[in-house]
Each structure stands twice: as structure tokens, then as C-alpha cells.
Amino acid sequence: MKSPSEKQPAEPEKGIFESLDDWWFGHGSPTTLGVFRILFGALVFASLVMVFVDWEAWFSERGYVPAWMGRLWLNPDVPLWPGWDFTVPRVGILSGVTNAHVAIGIYFATILFALLTTLGLWTRLSTILLAIGLVSMHHRNAIILHGGDTVIRVMVLYLAIAPCGKACSVDRLIRLWKGKDTGAPLRISLWPQRLIMYNMALIYFTTVWLKWFGNLWKPPIAGGEMTANWFPARLAEFYRFPYPEFLRDTPVVYFSTGATLIIEFSLATLVFYRPFRKWVLLAGIGLHGFIEYTMNIPLFSFLMVSMYVTFYDGEEVSAWFQRLGQRVGKLRASVHLPLGKRFDPRGAAFFDAVDPLKVVNYFPGEEERLAGSEVRKSWTHSMGGWLFGWIPGVWRNLLQRALEPIPDAPEAEITGKKGKRPTPRA
Amino acid sequence: MGTPHTKNMNGEVKPNAPTWLKVLVLLHVIAITVWALPDPTPDALAKKRDPVGTEWLLYWNHRHLKQFQPIRAYVSVSGFWQYWDMFSPNPSQTDIWVDAIVVHKDGTERIYQYPRMFLLSIPEKFLKERYRKFYERVNNDQHAFLRPVFAQRIAHLNDDVENPPVTVRLRRHWQQILPPGKTQPTTYNDFIYYVHTVDQDKLERDRKATL
Chain A
-7 MKSPSEKQPA
3 EPEKGIFESL
13 DDWWFGHGSP
23 TTLGVFRILF
33 GALVFASLVM
43 VFVDWEAWFS
53 ERGYVPAWMG
63 RLWLNPDVPL
73 WPGWDFTVPR
83 VGILSGVTNA
93 HVAIGIYFAT
103 ILFALLTTLG
113 LWTRLSTILL
123 AIGLVSMHHR
133 NAIILHGGDT
143 VIRVMVLYLA
153 IAPCGKACSV
163 DRLIRLWKGK
173 DTGAPLRISL
183 WPQRLIMYNM
193 ALIYFTTVWL
203 KWFGNLWKPP
213 IAGGEMTANW
223 FPARLAEFYR
233 FPYPEFLRDT
243 PVVYFSTGAT
253 LIIEFSLATL
263 VFYRPFRKWV
273 LLAGIGLHGF
283 IEYTMNIPLF
293 SFLMVSMYVT
303 FYDGEEVSAW
313 FQRLGQRVGK
323 LRASVHLPLG
333 KRFDPRGAAF
343 FDAVDPLKVV
353 NYFPGEEERL
363 AGSEVRKSWT
373 HSMGGWLFGW
383 IPGVWRNLLQ
393 RALEPIPDAP
403 EAEITGKKGK
413 RPTPRA
Chain B
193 MGTPHTKNMN
203 GEVKPNAPTW
213 LKVLVLLHVI
223 AITVWALPDP
233 TPDALAKKRD
243 PVGTEWLLYW
253 NHRHLKQFQP
263 IRAYVSVSGF
273 WQYWDMFSPN
283 PSQTDIWVDA
293 IVVHKDGTER
303 IYQYPRMFLL
313 SIPEKFLKER
323 YRKFYERVNN
333 DQHAFLRPVF
343 AQRIAHLNDD
353 VENPPVTVRL
363 RRHWQQILPP
373 GKTQPTTYND
383 FIYYVHTVDQ
393 DKLERDRKAT
403 L
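These protein sequence lines map, in sequence, to chains A and B. Sequential numbering from -7 applies to the first sequence in the numbering used here. Sequential numbering from 193 applies to the second sequence in the numbering used here.
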């Protein structure tokens, strides 16, 4: 008897270029990009709102950086080729704008596009306009930018070229509701996600490389002192929360300095190797968690950690959400639909999509109308329902419009005991 | 991992992405890598000594690839410019903050405290960190051209129509952080490093501006 492997010809071994090609440009679920868009969009929104507190100081003509100073700092025109007089302007709709009302209008529009990006509404347009607005703000005043801002700018540009509205977005829900999408899983080319992963690795790799030229990071065996972590912890201007005294002991400083380098290097290299991925990312979360707690570098750790999700395929992210839903019993809910009703196909797809944790189960009920408590349960337990379930009447209306009569339903089944026969999901 | 090339109904392999897209992605990856790679140490750049080890690669990258104008243009124009030097090559070993002595027309002096993170509440620290970053650059002698505008803004913030500011003296406070095992200083040094004569016309314009 032949073994299964003998029955079918084995897949030919792939060369390195073919494997790389598959990795960069292969197709997969858009869920990861959708989740990343929500996380990152929310952080961009927060960052932009934070700027508002001192908007006048940074972007007005009587502030610290008037328009001419911004242009002096960052030349707005860049030659395209050596020796050519022809220059290309940087992306910068705020470049040279001295009218405060125009500038603040563009700023508020950018905040709005950050919000729309987070929600995933008109996603393609919103992400592109967010990128234009944000890059323009950075090119208008680059003197105040820190590492977190650069992360924001680069990642927002990736969001603008990625199909990040295909999942976990209002756009997706609208398409499902209108029947333009079915509930079937979507597939996208993963190259934008790979670019985000690559750029994140580049951040860690280049910073480790640069640190290697500093004597405070290297171990004594390589001619260094390995006490780098001693210094930022003592800079009063970075101080945030207190931490245990033993962390200042010299052996601990040696250890934490070495560990920082190893973790950062791993986040640039080993993170791509699946057996190590989870542990490397957990170490990265630990590193950034400590930085966030001890040092005043607003949003930076959150921004870096939000990129970690891109190291998981969309299928893995969906499965993680479902496992989370199964583990947390309190999240589960049973919702009873009106007597003799079930979801039509687009309704089933819609209500399936708003519930990534898969914790809400819909059953045929015994009442003629939807009870208020059932309506409330169905949106409070569905993460996607939080978007608009709180608006009076909207969720009930959606539920009612998503229902259809069960054809030729035997009386006993329709009016049978609650919870016996679930309405089919998409 | 993504699904590899797919096959159509005739069993022919269908490319997973168009070739032009692959070329663009490759060029992008090259451009951001070239741009983000660290610069060699200043001594190596100034040819005071030869680069060491991997620094040769960075030296070559800096001298040739980073100067390649199309790469410069691409990353600069698009916004993909990036350079990652947080706490590197060495973390800062100096704690710095600034205040200003504002001299008014009648000769009175007032101390203006530029936002100092250490003195702020936690929410304020979160919101106002850009002040620290901005001052880090203003304080750098290479960026001395920022100082007149910096001081003029402080004059505006301390404006009084009846008794306008006439001079702003920027005063730097600093404390060196010593390595582990050494007694750390407890006081800050200070030094007036820039004196600005307030531009009264600009002050007047700023007074009238609504934003």
C-alpha cells in the first residue's frame, strides 16, 4: 500500500527567490491590516489632538516656528537629479502658508481624516488625505518631531497605499449590508503588510547598528562600558514614574543594557522566524512597557507595539479573537430573534462581521417583536456594534431589516424551546 | 505566509503581483534602507581616521548611495525620510533645561520658565514633550539660527503693552550625569548663552494677530 506522500507528487522545493516572492507578494486575509489601521489610526488621532494644546506655539506665525523658519529647516524643494535645475516640492500643502485660519483648517481636516481612518469609513480616500495632511504638517514644522512622529508619518503613508479598509471597517460593513461583498473571506496581496514589517525591522536594526558605535552600549569585551541604561533613567527631563531602587544597581544596569540591545536586534531579525516570533514580540512589549512606564516619551511605545500585529497573518488574528471570545465566558450572549424570523444572507454576513469574537449567537425566539434587552445584548456584545449601537433606534432598525421569514417553518421548530436551533451564521 | 502564485483553470501559473509593482516595492525598500542606515562616526566622515569594521559599509553608503539624488528626492519628497537614533550612538549624559530673563522697558526683570518637563504634572508632561524636543534642537550650537525666533516668542509671551520687553536673555541650566558608582551632582550649572534685542515691530504685529 502506498503512503499518502507517494500517491501525490511532492511539491517541488522552492528556491530562495521564489520563497521571498511568495512572502512579499502572496495573498492572504486583510484582517491584520484592518486591525493595524484601527490601532494606528487611533494613535495618530491622539497624537494630532495632543498637538492642538500648543498649536499656536508650533504652527502660527507668532509661534516658535513661523513658516519661513520651517522652510529654512527643511528645504521644501528637492532637486530630482544631480546638476538639474528642476526641483520637486516636498508633499506640503502647508508649506509657506502664513494664514492661520487656512493652516488650522487643514489641521482639523487632518484630525477628521485620522478619525475616519480609524473607523474605516471611505478608507482609501481618508487614508490618502490623512497622509497628505500629516506629511504636510511634518514638512511645515520638522523641528519638533521626535521618533514617534517619524513612525507615524511612515506608517500613515503605508496605510494610504494599503487596502486596509477591506476588513474591520465601516466600509466593509456597508458593502456587506448592501450585498456588494459576501461573507466569504477576502484575499489581498500582502505586500503593504510586508513593507510595514520590513520598516519596523529596519527601525530596530539601524538603531542597534548605530548603538554599536557608542561605547556605552557595547559590552566590556567589545571595548565598551555597557552602562547606557544608567543615563536616560537619570535625566530629570525624561522622568515619569518612580521604579524600584534595585534597578539602578550596576549589575542590573549591565543586564538591562545588554538585554535592550539583544531584544532590539531580535526584533529586527529573529522576529521573522515563526518559532521565535511570539517570544521576541513579548520581549519587545516588555521593553516598550518599561520605557513607557519610566520615561516621558509620549505615544512612542504604543506606536511601536501597535506594529507588532503585522507579524501575524489575518487568519491568525481572526483565530486569536475567536479564542479570546471562547475563553471569556462573560462576553457570550444568546439573542432571540422574533418568532419565525431568521437573518437573510446579507444580514447574516453583516452581523457575523460585527462580532469578531464570535460570542453572540442568534436563536429563533418566541416573541413577535424584538425585545429591548435582546437588541441591547446583540450590540453590546458585538465589538463592531459599539460603533453605532448606542444611537437610539439604529441597531434595532438594522436587526429588523436584516431578517426574513423562515420559509415553511414547522410551528414546533419556530416556537420550540429557546436556544435549541441557532439561526445559521454566514 | 501569503498564498503563493495561483493557478487558473488551465493550470497555468498566475503571477501573484504585476512585475512593475514588484520593481517599485524593491526600489522603495532599497531607498528607505539606504536612507535609514546610520551615518559613520564624525571622525570617520571627516577622514580623521579610517572607518572600522562594518563602518566601512556605512561610510560607503553615506558617500555614494545617500548622495544619489533620486534616492534623496524620493524619500524627502514623499515623507518616507527616516533616521533612527534614539539614545544612540550614546544616550545623552546631560540634563538640560532653559529659562529666560526678560528685561522690560522700565528695567524690571522677570524670569520666564520655558516648559520644563520635570516640573510638569503627568498629563502636562504627556502633552508638552515637544517643548523638550524643540529645545534640544535650539540648544544645539549647529542650530543657533533658531535662537532669535525662540527668544522673540518668549518676548511675545511676556508682552505688556504699557511696559514691553526689550531684551531676552536665554539661560541654559545643565547637569552632567556621571557613570554608575560616582557621586552624582545635585545642582545645575547655568549660563546665559544668548541675548536677544526684542524686535518691537514684530512684537506689535504679534499683538495684533488673532492667532
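Glycine is no exception: its CB is placed at the ideal position from the N, C-alpha and C atoms.
- A distance below 7 Å between beta-carbons, with the five flanking residues on each side excluded, links B:P232 to the following residues of its chain, in chain order: P243, E247, L250, Y251 and H254.
- Under the 10 Å beta carbon count, A:N288 is surrounded by 16 or more other beta carbons and is classified as buried.
- Of all alpha-carbon atoms in A:L227, A:V346, A:L395 and A:T115, the one lying nearest the alpha-carbon of A:D336 is that of A:L395.
- When the Cα atoms are used, B:P283 and B:Y275 turn out to be separated by approximately 16 Å.
- The beta carbon of B:L395 is closer than 8 Å to those of Q344, A347, H348, D351, P356 and P357 in its chain, skipping five residues each way along the sequence.
- For B:R361, there is no enclosing alpha helix (DSSP H); the residue is part of the beta strand (DSSP E) that begins and ends at P357 to Q368.
- The three-state secondary structure of B:F260, taken from DSSP, is coil.
- A straight line joining the alpha-carbon of A:M375 with that of A:G157 spans about 17 Å.
- Membership of A:I135 in any alpha helix (DSSP H) is not indicated, and neither H nor E is assigned to it by DSSP.
- In the same chain as A:T219, and ignoring 5 residues on each side of it, the C-beta atoms closer than 8 Å to its own belong to L208, T242, V245, Y246 and T249, in chain order.
- Note on geometry: alpha-carbon atoms of A:T102 and A:P211 lie some 45 Å from one another.
- Residue state for A:L362 is assigned as coil, using DSSP reduced to three classes.
- DSSP places B:H388 in the uninterrupted beta strand (DSSP E) bounded by N381 to T389.
- It is roughly 12 Å from the alpha-carbon of A:F230 to the alpha-carbon of B:E328.
- The alpha-carbon separation between B:T389 and A:K203 amounts to approximately 41 Å.
- Ranked by Cα distance from A:A152, the options A:I398, A:M192, A:Q318 and A:F28 are led by A:F28.
- Check the Cα spacing between B:E321 and each of A:P290, A:D347, A:L390 and A:W169: the tightest is with A:P290.
- A:P22 is not a Cβ neighbour of A:P234, given a cutoff of 8 Å.
- Inclusion of B:Q368 and B:Q285 in the CB contact set at 8 Å is warranted, their separation being smaller than that value.
- Using a Cβ-Cβ distance cut-off of 8 Å, the region 69 to 78 of chain A and the region 254 to 269 of chain B are in contact, since at least three pairs of beta carbons, one from each stretch, lie closer than that value.
- Rounded to the nearest angstrom, the Cβ distance from A:L362 to A:R388 is 6 Å, consistent with a contact under 8 Å.
- Chain order gives the chain B residues near A:D46 as L319, K320, R322 and Y323, where near means a beta carbon separation below 8 Å.
- In its chain, beyond the 5 residues on either side, T110 have a beta carbon closer than 7 Å to the beta carbon of A:A34.
- For the set A:K350, A:P236 and A:L331, the Cα lying nearest the Cα of A:P397 is the one of A:L331.
- Partner residues in the beta bridge of A:M287, as assigned by DSSP, are A:Y231.
- Under the 8 Å criterion on CB atoms, B:V294 is classed as non-interfacial with respect to chain A.
- One Cα belongs to A:W201, the other to A:L253, and the distance between them is close to 10 Å.
- The continuous alpha helix (DSSP H) containing A:P337 extends over residues P337 to A345.
- Of the residues A:M189, A:W382 and A:S370, the one whose Cα lies closest to the Cα of A:L391 is A:S370.
- Within the DSSP secondary-structure output, B:I288 pairs in a beta bridge with B:W366.
- Cβ contact annotation for B:V353 (same chain, cutoff 8 Å, sequence separation greater than five): R399, in chain order.
- Remark: fewer than three beta-carbon pairs, one from each stretch, lie closer than 8 Å, so the region 336 to 353 of chain A and the region 180 to 192 of chain A are not flagged as touching.
- Bridge partners of B:P307 according to DSSP: none are assigned.
- In the three-state DSSP reduction, A:T79 falls in the strand class (E or B).
- The continuous beta strand (DSSP E) containing A:V327 extends over residues A325 to L329.
- Of all C-beta pairs linking the region 131 to 138 of chain A to the region 50 to 68 of chain A, three or more are shorter than 8 Å, placing the two stretches in contact.
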